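Residues 3 to 263, numbered by our numbering, are exactly what the sequence shown covers, in order.
Glycine included, C-beta positions come from ideal geometry on N, C-alpha and C.
These numbers were taken from a predicted model, which means no experiment stands behind them.
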Amino acid sequence: MSIESDTENTGIDNDSANPIEIIYEDEFLVAINKEAGLLVHRSWLDKGETRFAMQLTRDAVGCHVFPVHRLDKPTSGVLLFAKSPSVARSLNEAFTDHQVTKQYLAVVRGYMTEQGTIDYALSFKPDAIADKFADLEKEAQEAVTHWQSLAQIELPFAVSKKHDTSRYSLVRLTPETGRKHQLRRHMRHLFHHIVGDTSHGDGRHNRFFRTQYDCARMLLHAQTLALSHPVTAEPLRLTAGLDSQWLRILEEFDWVESAEG
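Dropping the structure here:
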């Protein structure tokens, strides 16, 4: 039997009064729909932050939780926690052994081909504080990402001085490896920057989406996570809905059905 934990509507709005949105829970696991801008846990990189996914989830379920993977602060979507160290170890092994399938939605600049794969090793990019004692001579690590183009649009706005119009694609990204900022760096390498990415994106397109569509977030969303349950071995597919800024873009571009496919 397959366990489906899709939210009732892929257009669930996270901008609500609830402190955290739980999309799946049993005695061993809990998965949430992390909002954009929320840190997974406390970090020296953001000393001023007071809200963290790990603490909010712990308070919501009434027990300690253990993170088994991470999402960047500006990325929204499925975030999975274990409720015990033993289950966390099993899940960590599953992620390490590539037994977990992660699929993301992203809006990128330009028209991407129908489908493809980028196999491009990523060098270690240390954070000034978090990676203060890390090995800075670490070799570049293998990084593989598959993509599928879901929809495209050409807009009558000259975001770049070289073109009278601007093109964008809605894509599904499936990382085979889990390197730091992998999807963001891979899209930059292909010159299909993710819209709203202030670290690896294109500032002109970020500003355009802020002013034209009131969209200030990075348009990268961890839509689904598929794995075998670490205790029961049942197939488990977790799906996280989209927030209001994502929905506004999808509706404006007539991409709602494409995103749900």
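If you check the CB distance, Leu229 and Ala96 come in under 8 Å.
With 16 or more neighbouring CB atoms inside 10 Å of its own CB, Glu37 falls in the buried class. Burial state of Glu23 is buried, judged by a 10 Å Cβ sphere holding 16 or more other Cβ atoms.
Secondary structure at Leu227: strand, using DSSP grouped into helix, strand and coil. The shortest C-alpha to C-alpha distance from Gly64 to any of Ser125, Leu31, Thr98 and Gly243 is the one to Leu31. DSSP, reduced to helix, strand and coil, places Val197 outside both helices and strands of the structure shown, so it counts as coil. In this structure Phe83 is buried. Its beta-carbon is surrounded by 16 or more other beta-carbon atoms within 10 angstroms. DSSP places Ala62 inside the alpha helix (DSSP H), whose first and last residues are Ala55 to Val63.
DSSP places Pro87 within a helical segment (H, G or I) once states are collapsed to three. Nearest C-alpha to Val109 among Thr179, Val89, Asp199 and Leu240: Asp199. As far as DSSP is concerned, Gln184 takes part in no beta bridge.
DSSP links Gln154 through a beta bridge to Ser171. Excluding five sequence positions before and after Thr119, the CB atoms of its chain that fall closer than 6 Å to its own CB belong to His148, given in chain order.
Taking the CA atoms as reference points, Ile25 sits about 11 Å from Arg239. Where Tyr215 is concerned, the enclosing alpha helix (DSSP H) starts and stops at Gly205 to Tyr215.
In the three-state reduction of the DSSP assignment, Leu252 falls in the helix class, which pools H, G and I. Membership of Ala261 in any beta strand (DSSP E) is not indicated; the residue belongs instead to the alpha helix (DSSP H) covering Val258 to Glu262.
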